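Student: Count along the sequence shown starting at 1, add 78, and that's the number in this note's numbering.
Cβ coordinates follow ideal geometry from the N, Cα and C atoms, glycine included.
Just so we're clear, the structure is a prediction, and the values are computed from it rather than from any experiment.
Once you've had a glance at the structure underneath, I'll fire off some questions.
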Amino acid sequence: MYGPGPFLYVIFLMIGWILMLYTLNFYYLVYQSRNNIRHNKKIRQKTELPTNLPVVTIQLPLYNEKYVAKRLIDAVCRTDYPKDKLHIQVLDDSDDDTVDLIKSIVDDYRLKGFDIVCMHRTDRSGYKAGALKAGMKHAKGEFVVIFDADFIPPPWFLKRALGHFFTDEKLGLVQCKWGHVNENYSTLTEAQAVSLDLHFLIEQKAKSFTHLYMNFNGTAGIWRTSCINDAGGWHTTTLVEDLDLSYRAQMKGWKCLFLEGVEVDAELPVQMNAAKRQQFRWAKGSIQVALKLLSDVMLNRKVPADTKVQAFIQLTRHVVNPLFLAQFLIFPMLLAMNYELYTVGWAPLISVFMYTMMGPGGYLLVISQTWNGDASMWREKARQFFFLMFFSSGISVNNTVAVFDAVFGKKNEFLRTPKFGIVNKGDDWRNKEYVLPFTKTTLLEIFFAIYGCIAVFISLASGNAIFAPMMAVPTIGFIYVAYLSIVHSSLRKKKTKGLRGPYAPTIATGKHGGGSTTMTANVTQTRTVNQQMMLAGVLAFLVMGAGIAYYGYQTTMYPINKAIGFMSRAQTAQTPEQLAEYVGLTKDLTLAKGNPVWLFPTPRTDFALIRENLDGILLRAESTSTMVPHSEQYNIAMRDMHKSVMALNFNLMEAVPYMYISFNNIVMAGLWVAAVIAIFAAMRKARPRVQLKTV
């Protein structure tokens, strides 16, 4: 068989098997989480704090967190624990007015008798890991608690979680479950909430207090100080210092415990660009840790085989994203080539059934069992799961970029996830600072959205409508993520309280500073008419691109696909008249000349030669029609024509993928992308000017 079809099909199958292995591992962890005897025994074990409570350090790494810094520090200072046993470190790397805010809050609590310090750095070296490392030099006591800025620890947290350390001296980490203070804010927060819940209640519970390596989630956890030091302390070489340290600690023989009954509320990202930034950091960081530690895990003879397998899957799980996109790109090509994906007619039904059962159906079953004690809760989680399907599909583009960034060694700044203090459904974040602009990744998401729309059309036009839903789900996801990336960008109309928020200073003006210009709460930033026209231009280009793609398919690709279908029928024709009819229809639909393989053209894909061969078959069919039916000469002629038809059909199928990437299509796509990029660049530069009111 000629052409790229067999090669693409093999790649498609290989990717499918790999994705299935990662999916099956999830269900293995589901089983483990239900049958983790050691974890269940440890959780039920009675824990008592010693009479002489240990000294504990609570570290709060912050960077430009003006909207949530006070909420976090207030919550920590309400902790039900003796003041003389509690040392609080506010590790502040801020470079905006958060610095003054934190200093004021810390000073107030120091006057109230709290042992709280603000450790401000100006260079931000090592980012969060660097701040934690610097704080460890001055940490007090045997235990260290870490909370990120978006968390709101309850007063009872420390006493309920700390007691487990005194039942096992090799317990190095206690990780608590994350709650979600703004879970029902939007479909975006709901998707993230159910994703995190499944991570904690399935994966973390399955690995808790076993020989399988469990990861620290970066916050809402307690470390034994000696464990951190024994593992080598905080390293700054990856974007996920929490995963890095927890693996090194467990390789040293330390144990980790997950407490599902101790939940600490946190604020989920409400802006799509913020959620994408967080996912990017997690995806890239995981691959970085894999490149750093996976060889040590695999070559360590003391590490059990199943631990190695689970470590490999956990650290490399994000390669699923580029594999998923590759499969998404290949499948419509195979359909467009009319490639024989299955040898039996009912096989597609089995494939769709397996996809449904291992995908949405299986996850919904897991959700129903995980929250089986509360019918309303599991129904709510099941509803949220459908948002997660779209979010996880759409975010795969962002995470694929992160994977390639990690593999090719590109170093990134630790970009924080903005928090806006959003708790209630009606809270507005668009009027605040830290709102992120869209990135170039949005262009890729738009491309995959358009490609997905074409793929759905191809599946319908090629007679494979059963596969249309499988293409539609990720396509909706790409549209969902791309759309929110644009409408959630910092180019939206917003009102601000001033250049530096509610703490904006009065700026002296005039020759001797006699006058003053104040940034007031009524300062308004609006998009100009030009910006609105630019956004309309982007939408117009998107619609135009989709229209051109559809027209191109209708006028170029669809006729070839019909021709391939007629040739397939000609292969089974019983008479020369039937064969000639189908070959004639094929000739009418085939281009008169040209070769889609424009870079290194081959005779097999030359349409002029294909038409000559079709004419030859028509002449042979006319000659065969004069022979005695079913005579030896007649049968030989029919067999030869069937072979010729089959060979030409393979040639047509070989030409199809090259027609998609024809020179004209590449030029048009390049111009289209360049135009959209130019408009996006203009939109980012056309920032609204701050209006100053002189008083």
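#1: Figure out for me which residue from S740, Y738, Y87, A747 has the closest Cα to the Cα of L412.
#2: As a quick exercise: from E345, I300, L337, L521, pick the residue whose alpha carbon is nearest that of S324.
#3: Take every Cβ of the stretch 198-208, pair it with every Cβ of the stretch 308-320, and state whether three or more of those distances are shorter than 8 Å.
#4: For a quick check, are the C-beta atoms of D158 and G257 less than 8 Å apart?
#5: Where in the stretch 689-743 do unbroken runs of the alpha helix (DSSP H), each at least 4 residues long, occur, reported from the N-terminal end onward?
#6: Where does T135 fall in DSSP's three states?
#7: How would you call N262, buried or exposed, if buried means at least 16 neighbouring beta carbons within 10 angstroms?
#8: Kindly identify the DSSP beta-bridge partner or partners of A344.
#9: CA-CA distance, D175 and I166?
#10: With a cut-off of 8 Å on the beta carbons, I'd call L657 and A699 a contact; round off their distance for me.
#11: Going residue by residue through the stretch 452-506, where are the continuous alpha helix (DSSP H) segments of at least 4 residues, counting only ones entirely within it?
#12: Under the DSSP definition of a beta bridge, which residues are partnered with G672?
#13: Which term fits L427, buried or exposed, when burial requires 16 or more other beta carbons within 10 angstroms of its beta carbon?
#14: Buried or exposed for H708, going by 16 or more other Cβ atoms inside 10 Å?
#15: Going by alpha carbons, who is nearest to M716 out of L696, E418, C155?
#16: Under a three-way DSSP split, which group does M197 fall into?
#17: What's the call for Q253, buried or exposed, on a 16-neighbour Cβ count within 10 Å?
#18: Whole angstroms are fine: how far does the CA of H216 sit from the CA of L169?
#19: Can you have a look at S304 and say buried or exposed, based on whether 16 or more other CB atoms are within 10 angstroms of its CB?
#20: What does H165 pair with, by DSSP beta-bridge criteria?
#21: Could you say which of R355, D228, S474 lies nearest to K153 if we only look at CA atoms?
#22: What is the DSSP secondary structure of L419, reduced to helix, strand or coil?
#23: Could you tell me the alpha carbon to alpha carbon distance between H242 and K163, rounded to whole angstroms?
#24: Label G592 either buried or exposed according to how many other C-beta atoms from any shown protein chain fall within 10 Å of its C-beta, with 16 as the threshold for buried.
#25: Do F225 and A298 come within 8 Å of each other at the CB atom, strictly closer than that value?
#26: Measure the alpha-carbon distance for R326 versus A733 and round it to whole angstroms.
#27: Output the distance between the C-alpha atoms of P496 and V375, rounded to the nearest integer angstrom.
#28: State the CB to CB distance for the pair Y736 and P674, rounded to an integer number of angstroms; the pair is presumed to be in contact (CB under 8 Å).
#29: Ignore the nearest five residues each way along the sequence and tell me which others in T288's own chain have a CB closer than 6 Å to its CB.
#30: Provide the residue span of the beta strand (DSSP E) that contains R302, from first to last.
#31: Would you mind sorting R122 into buried or exposed? The rule is 16 or more other CB atoms within 10 Å of its CB.
#32: Taking the C-alpha atoms as reference points, what is the distance between V621 and A269?
#33: Roughly how many angstroms separate the alpha carbons of F644 and T664, rounded to a whole number?
#34: Quick one: residues in its chain with C-beta nearer than 6 Å to the C-beta of I408, no 5 flanking neighbours on either side, listed in chain order?
#35: Give the DSSP bridge partners of K333, in chain order.
#36: Indicate whether D483 and N476 have their beta-carbon atoms separated by less than 8 Å.
Tutor: With the structure as the only source:
#1: Y87
#2: I300
#3: yes
#4: no
#5: 710-738
#6: strand
#7: exposed
#8: F229, H258
#9: 21 Å
#10: 5 Å
#11: 453-472, 474-485
#12: G672 pairs with nothing; no bridge assigned.
#13: exposed
#14: exposed
#15: L696
#16: strand
#17: buried
#18: 11 Å
#19: exposed
#20: T135, D193
#21: The amino acid at residue 153 is misidentified as Lys; the sequence shows Ala. It is D228.
#22: coil
#23: 18 Å
#24: With a pLDDT of only 43 at G592, under 50, the local geometry of the prediction cannot be trusted, and the value read off the model is given with reservation. It counts as exposed.
#25: yes
#26: 52 Å
#27: 34 Å
#28: 4 Å
#29: R116
#30: 299-302
#31: exposed
#32: 28 Å
#33: 6 Å
#34: L86, F90
#35: L249
#36: no
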